[in-house]
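This report refers to the structure that appears directly beneath it.
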Amino acid sequence: MQYNSVWGQLAAHLNSAGVRGIVQLRDNGTSVNIRVQLRTGALSEEFVWKIHEFPPDMEVKEPCADDKIGRMYADLTSAFGRLRPGQDLTVASGLKLWAVVGRSLVLRGVASGRVACAPLQPAGRVATLRAELHGPQLGGRVALRQSAAGSGLLSQLYHVTPARRDSLHRWALLRGDCERGEPVPSPVEGPLAAGRAPGVLTGRTFVSWNGMLDGALSIVIYGDKDTASIAACAPLRPIEPRQAVANWTDLGGTVLLRQDSPYDATLVTVQFRREAVRKAYSYGIDELPTISRGEIGVMCPNVRGVIYNPLGVSADRVPSPGEGSFEQYAVGDLSGKYGPLGENSAVEFVQTEPGKVKRRR
Numbered sequence: 001m002q003y004n005s006v007w008g009q010l011a012a013h014l015n016s017a018g019v020r021g022i023v024q025l026r027d028n029g030t031s032v033n034i035r036v037q038l039r040t041g042a043l044s045e046e047f048v049w050k051i052h053e054f055p056p057d058m059e060v061k062e063p064c065a066d067d068k069i070g071r072m073y074a075d076l077t078s079a080f081g082r083l084r085p086g087q088d089l090t091v092a093s094g095l096k097l098w099a100v101v102g103r104s105l106v107l108r109g110v111a112s113g114r115v116a117c118a119p120l121q122p123a124g125r126v127a128t129l130r131a132e133l134h135g136p137q138l139g140g141r142v143a144l145r146q147s148a149a150g151s152g153l154l155s156q157l158y159h160v161t162p163a164r165r166d167s168l169h170r171w172a173l174l175r176g177d178c179e180r181g182e183p184v185p186s187p188v189e190g191p192l193a194a195g196r197a198p199g200v201l202t203g204r205t206f207v208s209w210n211g212m213l214d215g216a217l218s219i220v221i222y223g224d225k226d227t228a229s230i231a232a233c234a235p236l237r238p239i240e241p242r243q244a245v246a247n248w249t250d251l252g253g254t255v256l257l258r259q260d261s262p263y264d265a266t267l268v269t270v271q272f273r274r275e276a277v278r279k280a281y282s283y284g285i286d287e288l289p290t291i292s293r294g295e296i297g298v299m300c301p302n303v304r305g306v307i308y309n310p311l312g313v314s315a316d317r318v319p320s321p322g323e324g325s326f327e328q329y330a331v332g333d334l335s336g337k338y339g340p341l342g343e344n345s346a347v348e349f350v351q352t353e354p355g356k357v358k359r360r361r
């Protein structure tokens, strides 16, 4: 499924729990139209659909768990009814794009209880800044993501002092660095939460607003008891895109993986000439080879032939190639997720996939 890459539009690419499809939100000036294109493979049932407050963590086994996506933000089922497989639905809503950008769209099967989710992301590129906080009172990360559809700030904070607890903190953005920066008029009201330990839900906050900020920025977070004290401060630094590419010059094939930030999906571009697909059927990412160092120097033998499978997907439960959702295959099983190369035709396509670009061979 494809959509036009234009501003004023969000899209959630669903590809989990056996559910595949796209939900688009487009601002037409008077309302936000929601279009749903959904298919669910062999297992067919109705779904309730909602928007939750936090984006999913697509690098864990259960990215749609309640302790990842937080509380419900908007109930779309009560307004528009349940979703059905094969449905192509378009409805008008009162949502604001800037209020939901970056949050999770969540589908839950009525009969099975299975859950599929995806972040609502702008169709164009998003500028991402991130601050790493290291005390004196709080540690953690704050990410600022900005686009013409709206801006969002996601924080995951925790206490680094012995008196660990859940707390709420006043915060501000600074124009410049932590020592000499001037406060920026607050784009949104409300405190940031800090948890008693790293990674807990009570230490997570997501806020969004309509507009973008320019220039060098820092974030300062104040103490919850002594509100004049600084609990943490750090610059918000741009995150540069990462990419990995495999070229088969003799076969005429290329696989390119590009990710703009850890909060974005990975774009996978696959190109093989007809000569290549006649010689190959499946393709994927294997574990790195072992490297021996000794008197004869460095040896890099052939890859071990073990598919890259960090989440431990069982081979006994893998669907047929191209029939399941991405998390049902090993991360490196590219021909399983996208389908085999075929026999006679050239292959060229672009896919959007959750997860992080890491170096593998």
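Residue 239 in our numbering sits at position 239 of the sequence shown, and the numbers go up by one each step.
All C-beta atoms, glycine included, are put in the ideal place defined by N, C-alpha and C.
Discussion item. What residue range does the beta strand (DSSP E) around D66 cover?
Written reply: Taking the first residue of the sequence shown as position 1, residue 66 is located at position 66. It is not in any beta strand (DSSP E) - D66 instead sits in the alpha helix (DSSP H) that spans D66 to I69.
Worksheet item: Mapping DSSP to helix, strand and coil, what is E327?
Response: Counted from its first residue, the sequence shown places residue 327 at position 327. In this structure, E327 counts as helix in the three-state DSSP scheme.
Item to complete: Inspect the beta-carbon positions of R13 and A265 and report whether they are closer than 9 Å.
Response: Looking up residue 13 in the sequence shown gives position 13. Looking up residue 265 in the sequence shown gives position 265. Note that residue 13 is His in the sequence shown here, rather than Arg. Yes.
Fill in: Rounded separation between V318 and A197 - CA only
What you label residue 318 is simply residue 318 of the sequence shown in a count that begins at 1. What you label residue 197 is simply residue 197 of the sequence shown in a count that begins at 1. Looking at the two C-alpha atoms, the distance is approximately 36 Å.
Worksheet entry | Bridge partner(s) assigned by DSSP for R204 | Position 204 of the sequence shown, counted from the start, is the residue given in the question as residue 204. Answer by DSSP bridge pairing, in chain order: Q156.
Worksheet item: Is A265 helix, strand or coil by DSSP?
Response: In the sequence shown, residue 265 corresponds to position 265, counting from 1. A265 falls in the coil class under three-state DSSP.
Practice prompt. Give the secondary structure of R26 by DSSP, where H, G and I count as helix, E and B as strand, and everything else as coil.
Written response: The sequence position of residue 26 within the sequence shown is 26, counting from 1. DSSP places R26 in strand when its eight states are reduced to three.
Discussion item. Extract the residue ranges of the alpha helix (DSSP H) inside the stretch 95-175, only unbroken runs of 4 or more that lie entirely within it.
Written reply: Segments of the alpha helix (DSSP H) lying fully in the stretch 95-175: 97-100.
Item to complete: Determine, using beta carbons only, whether V160 and P136 come nearer to each other than 9 Å.
Response: Position 160 of the sequence shown, counted from the first residue, corresponds to residue 160. Position 136 of the sequence shown, counted from the first residue, corresponds to residue 136. Yes, the Cβ-Cβ distance between V160 and P136 is below 9 Å.
Worksheet item: Cβ of G140 within 9 Å of Cβ of Q156?
Response: Here the question's residue 140 lines up with position 140 in the sequence shown. Here the question's residue 156 lines up with position 156 in the sequence shown. Cβ atoms of G140 and Q156: closer than 9 Å.
Item to complete: To the nearest angstrom, report how far apart G253 and D286 are at their CA atoms.
Response: Reading the sequence shown from its first residue, position 253 is the one you call residue 253. Reading the sequence shown from its first residue, position 286 is the one you call residue 286. Computed Cα separation, rounded: 17 Å.
Discussion item. Quick check on DSSP: helix, strand or coil for L14?
Written reply: For the purposes of this step, residue 14 is taken as residue 14 along the sequence shown, with counting starting at 1. Strand, per DSSP.
Worksheet item: Under a three-way DSSP split, which group does I291 fall into?
Response: The residue labelled residue 291 in the question sits at position 291 within the sequence shown. Unreliable placement is indicated for I291, whose pLDDT of 47 sits below 50; no coordinate value is reported for it.
Worksheet item: Just curious, the beta strand (DSSP E) that Y73 is in, first and last residue?
Response: In the sequence shown, the residue the question calls residue 73 occupies position 73. Here the beta strand (DSSP E) through Y73 covers M72 to D75.
Item to complete: Please say whether D260 and P235 have beta carbons closer to each other than 9 Å?
Response: Looking up residue 235 in the sequence shown gives position 235. Looking up residue 260 in the sequence shown gives position 260. Contact flag unset, no.
Practice prompt. Between the Cα of N309 and those of L173, C117 and G336, spot the shortest distance and give me the residue it belongs to.
Written response: On the sequence shown, residue 309 is found 309 positions in, with the first residue counted as 1. For the residues L173, C117 and G336, the minimum Cα distance to N309 belongs to G336.
Worksheet item: Cα separation between R108 and K68?
Response: Residue 108 sits at position 108 when you count from the first residue of the sequence shown. Residue 68 sits at position 68 when you count from the first residue of the sequence shown. Cα to Cα, the separation comes out at about 15 Å.
Worksheet item: According to DSSP, is R258 helix, strand or coil?
Response: Here residue 258 is taken as the residue at index 258 of the sequence shown, counted from 1. Here R258 sits in strand by DSSP.
Worksheet item: Would you say the stretch 24-39 touches the stretch 88-106, given that touching needs at least three Cβ pairs under 8 Å?
Response: yes
Practice prompt. Compare the beta carbon distance of P55 and P119 with 9 Å and say whether it is the shorter of the two.
Written response: Working through the sequence shown from its first residue, we reach residue 55 at position 55. Working through the sequence shown from its first residue, we reach residue 119 at position 119. Result yes, Cβ atoms of P55 and P119 sit closer than 9 Å.
Discussion item. If contacts are defined as beta-carbon pairs under 8 Å, then G21 and Q9 qualify, I think. What distance do you get, rounded to the angstrom?
Written reply: Start at 1 with the first residue of the sequence shown, and residue 21 comes out as number 21. Start at 1 with the first residue of the sequence shown, and residue 9 comes out as number 9. Their Cβ separation, rounded to whole angstroms, is 16 Å, which puts G21 and Q9 out of contact at 8 Å.
Worksheet item: Can the beta-carbon of L174 be found closer than 9 Å to that of I219?
Response: Along the sequence shown, read from residue 1 onward, the residue named residue 174 stands at position 174. Along the sequence shown, read from residue 1 onward, the residue named residue 219 stands at position 219. In this structure, I219 lies closer than 9 Å to L174 by Cβ.
Practice prompt. Could you please give me the residues that DSSP links to G92 through a beta bridge?
Written response: Taking the first residue of the sequence shown as 1, we reach residue 92 at position 92. Rather than Gly, the amino acid found at residue 92 in this sequence is Ala. Answer by DSSP bridge pairing, in chain order: N33.
Worksheet entry | F54 (DSSP reduced to helix, strand or coil) | As a first step, residue 54 must be located in the sequence shown, where it is residue number 54. Note: F54 maps to coil in three-state DSSP.
Discussion item. At the level of alpha carbons, what is the spacing between L25 and P162?
Written reply: On the sequence shown, position 25 is the one that residue 25 refers to. On the sequence shown, position 162 is the one that residue 162 refers to. Approximately 45 Å between the Cα atoms of the pair.
Worksheet item: Quick one: what's got a C-beta closer than 7 Å to A17's C-beta in the same chain, skipping five residues either side?
Response: Taking the first residue of the sequence shown as 1, we reach residue 17 at position 17. Closer than 7 Å at the Cβ level, and outside the excluded window around A17, lie R114, V115, A116 and S325.
Practice prompt. Would you identify the three-state DSSP class for Y283, choosing helix, strand or coil?
Written response: Against the sequence shown, residue 283 aligns to sequence position 283. Here Y283 sits in coil by DSSP.
Worksheet item: Can you round the beta-carbon distance between L138 and Y158 to whole angstroms, since I take them to be within the 8 Å contact cut?
Response: Working through the sequence shown from its first residue, we reach residue 138 at position 138. Working through the sequence shown from its first residue, we reach residue 158 at position 158. Yes, they are in contact, since the Cβ atoms of L138 and Y158 sit about 7 Å apart, within 8 Å.
Practice prompt. List the residues that DSSP assigns as beta-bridge partners of E182.
Written response: Reading the sequence shown from its first residue, position 182 is the one you call residue 182. DSSP output for E182 lists R175 as bridge partner(s).
Discussion item. With the cut-off set at 9 Å, would you say N210 and W98 are in Cβ contact?
Written reply: On the sequence shown, position 210 is the one that residue 210 refers to. On the sequence shown, position 98 is the one that residue 98 refers to. Against a cut-off of 9 Å, the Cβ pair of W98 and N210 comes out as a contact.
Item to complete: Can you give me the Cβ contacts of L168 inside the same chain, cut-off strictly under 7 Å, excluding the 5 residues immediately before and after it?
Response: As a first step, residue 168 is located in the sequence shown; it is residue number 168 there, counting from the start. Hits under 7 Å: P191, A193 and D224.
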